[in-house]
Every structure is written in structure tokens, then in C-alpha cells.
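If you're matching positions, the sequence shown starts at 1 in full-length UniProt numbering and goes up one per residue.
Data block below; observations after.
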Amino acid sequence: MEKLNHKDLLKAGVHFGHLTRKWNPKMSEHIFMEQKGIHIIDLHKTIDCAFTAASSLKNIAKSGRKIMFVATKKQAKTFVSEKAKKLNMPYVTERWLGGMLTNFSTIRKSLKKLSAIESKESKDTYETDFSKKERLMISRDKDKLEKVLGGISKLNRIPAALFVVDIKHEEIAINEARKLNIPIYGMVDTNSDPNLVDYEIPSNDDSFTSVSIIMEYISSAISDGLEEREKIKEEMRIKQEKEAAAKETAAKEAAVKEAKEAKKEKSKR
């Protein structure tokens with residue numbers, strides 16, 4: 001897997017941090033300099049951190065586990081949700097519901113309710129089973145549930161990791177993941193505390209172009225992990241088929257041999 005390109009990051013404005021007066025001192029090791037009252041992020045650190053994070057996320061995807069994307073900021077939500085959908089990964093781009101991780105059993109009940117509604121709507125007799133008023137109420141319930149839970153509708157267990165676009169903005173999600181010891185990967189700007197995540201990517205988390213280039217890199221790594229998983233599964237399938245065929249051939253040969261020996265023994269008599 002290749003590392004991010006320094007020039008591409010510069011062009012995307014990944015190096016622009018916050019005003020110096022808004023900085024978090026814990027980000028000092030990731031800051032290159034101060035320019036016109038703004039902190040400039042060290043892109044060499046960004047490149048190395050992004051590579052480490054992407055490599056780790058690739059392995060998680062390769063293992064078949066789920067990575068939840070969290071990005072409720074306006075400038076990130078659409079792009080992040082599109083990437084997550086393509087990867088078939090859970091995502092939260094609307095309001096984070098308190099307890100989405102720490103009280104997942106309750107959230108799962110709501111997911112089952114959403115699934116039940118979808119099951120009702122898919123039936124051929126849906127329109128005859130329910131009145132127009134009932135269908136309207138069902139539709140409203142579905143819309144409410146889909147808005148906040150649509151991105152995690154296929155999630156049946158706690159995710160293996162979280163990828164967060166702005167850790168300061170997604171404070172509740174970060175706190176819940178930390179309580180459950182879920183590894184956190186995140187874009188961390190100069191106003192945030194990198195110690196709150198396990199894998200920080202120092203970067204501008206306010207710019208669409210910055211979020212896009214980091215998300216593109218991360219999602220590409222996850223996609224590679226998923227492809228490798230499918231390749232391994234296919235190799236295992238072929239191996240099992242060959243082993244089964246070999247066993248079948250051996251069984252047939254043994255049966256033929258046994259028949260010959262029985263015939264030979266019979267002729268001796």
C-alpha cells in the first residue's frame with residue numbers, strides 16, 4: 001500500500017489547522033509551524049499516521065469485522081456515507097444517539113422494528129392489510145428510524161473499530177467507544193486531543209477537500225482488505241473442492257480395488 005502524496009495533501013489544504021489561540025497543546029508534536037495566526041500541520045506526520053491507520057483498518061476489514069464511520073458535520077456527512085455504503089460498512093452521519101454503542105441492546109430493538117416495517121412493506125398484501133392512515137403512520141415511523149439508524153441497519157453486533165472525522169465534534173461517540181475499548185481512528189485537527197484516539201491522523205477536519213482525500217485513502221485501504229478476504233475465501237473454496245474431489249476419487253479407486261480382490265478371491269474357490 002502506497003503512502004499519501006505530500007503535494008496532493010498540500011493542494012487539498014490538509015495542512016491548515018485552527019487559529020493558534022484555539023490550539024490543544026497535546027497536538028504540538030504534529031504542528032509544523034505558525035503562519036498568520038494559524039497553526040500549520042506537519043504533513044510528514046499526516047502521511048505516516050495515515051499509513052499506519054490505513055494498514056490497521058485494512059487488516060480489520062480483511063478479518064471480516066465491521067468498521068463504523070462517524071461524521072455528522074455538514075461538510076463530511078454525504079461523502080462519508082457514500083464511501084461507507086460502497087464498502088458495506090455501518091455509518092452515522094445524522095445525530096448520534098446516546099447509547100448507540102454502550103446501550104446497543106436497546107438500539108438493536110429499534111433496528112428490529114425498522115426491519116419489521118420493511119418486511120411489512122415488502123409484502124404483496126401490504127396495501128390491503130393496512131388502511132391508508134395506517135400506512136402513513138408506518139411510513140412516518142420508518143422515516144424517523146431510517147434517519148438516525150439507516151446507516152447501521154445491518155449492524156448486528158458492536159463494531160470492531162470507529163473511524164471519526166472530527167473527534168471534538170463527535171465527543172459522545174468517542175466517549176462510548178473508549179468505555180467499550182473499541183479502537184478509534186480519527187482525523188485530528190489542531191484544536192483536539194490526540195490522546196483520545198488510538199490512531200490519530202493529524203489533518204484539517206473542517207475542509208471538504210481535506211476530508212475527501214483522507215477518506216478516499218482510508219476507504220481504499222479497507223476496500224483492499226475486503227478484496228483480499230474474498231480472494232482468500234475463493235482460494236479456500238477451490239482447495240476444499242479439490243480435497244473433496246481427491247477423496248471421492250480415492251474412494252472410487254478403493255471400491256474398484258476391493259471389487260477386483262473380491263472377484264479374484266471368488267475365482268480361487
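Ideal Cβ positions, reconstructed from N, Cα and C, are used throughout, including at glycine.
All figures in this text were calculated on a predicted structure; none of them were measured in a lab.
Boundaries (first-last residue) of the beta strand (DSSP E) holding residue i
i: Ala71; result: It is not in any beta strand (DSSP E) - Ala71 carries neither H nor E in the DSSP assignment.
i: Glu127; result: Here Glu127 belongs to no beta strand (DSSP E); instead the alpha helix (DSSP H) covers Tyr126 to Asp129.
i: Ala160; result: First-last for Ala160: undefined, no H or E at that position.
i: Glu200; result: Tyr199 to Pro202
i: His30; result: Neither: His30 is in no beta strand (DSSP E) and is coded neither H nor E.
Cβ distance (whole Å) where residue i is taken to contact residue j below 8 Å
i: Thr72; j: Leu180; result: That pair is no contact at about 20 Å.
i: Ile117; j: Phe163; result: Not quite, the Cβ-Cβ distance comes to about 29 Å (not below 8 Å), so this is no contact.
i: Asp8; j: Ile214; result: That belief does not hold up - the Cβ atoms of Asp8 and Ile214 are roughly 11 Å apart, past 8 Å.
i: Asp48; j: Ile31; result: Rounded, the Cβ-Cβ distance is 15 Å, inconsistent with contact.
i: Val188; j: Pro202; result: 6 Å
Residue burial classification, residue i (beta-carbon count within 10 angstroms, cutoff 16)
i: Asp124; result: exposed
i: residue 326; result: No answer is possible for residue 326: it lies beyond the span of the chain, which begins at 1 and ends at 269.
i: Gly151; result: buried
i: Asn195; result: exposed
i: Asn204; result: buried
i: Ala53; result: buried
i: Gly186; result: buried
Contacting residues, own chain, Cβ-Cβ under 7 Å from residue i (five flanking each side not counted)
i: residue 275; result: Since the first residue of the chain shown is 1 and the last is 269, residue 275 is not available in this structure.
i: Ile172; result: Trp96 and Gly98
Sequence-distant residues of its chain with Cβ nearer than 8 Å to residue i (five each side left out)
i: Tyr126; result: Lys120 and Arg135
i: Glu34; result: Thr20 and Ile40
Limits of the alpha helix (DSSP H) - the one that residue i falls within
i: Met137; result: Lys132 to Leu149
i: Glu118; result: Phe104 to Ser122
i: residue 270; result: Beyond the ends of the chain as shown, which are 1 and 269, falls residue 270; an answer cannot be given.
Same chain, Cβ closer than 6 Å to residue i, five either side skipped, listed in chain order
i: Glu228; result: Lys62
i: Gly225; result: Lys58, Ala61 and Lys62
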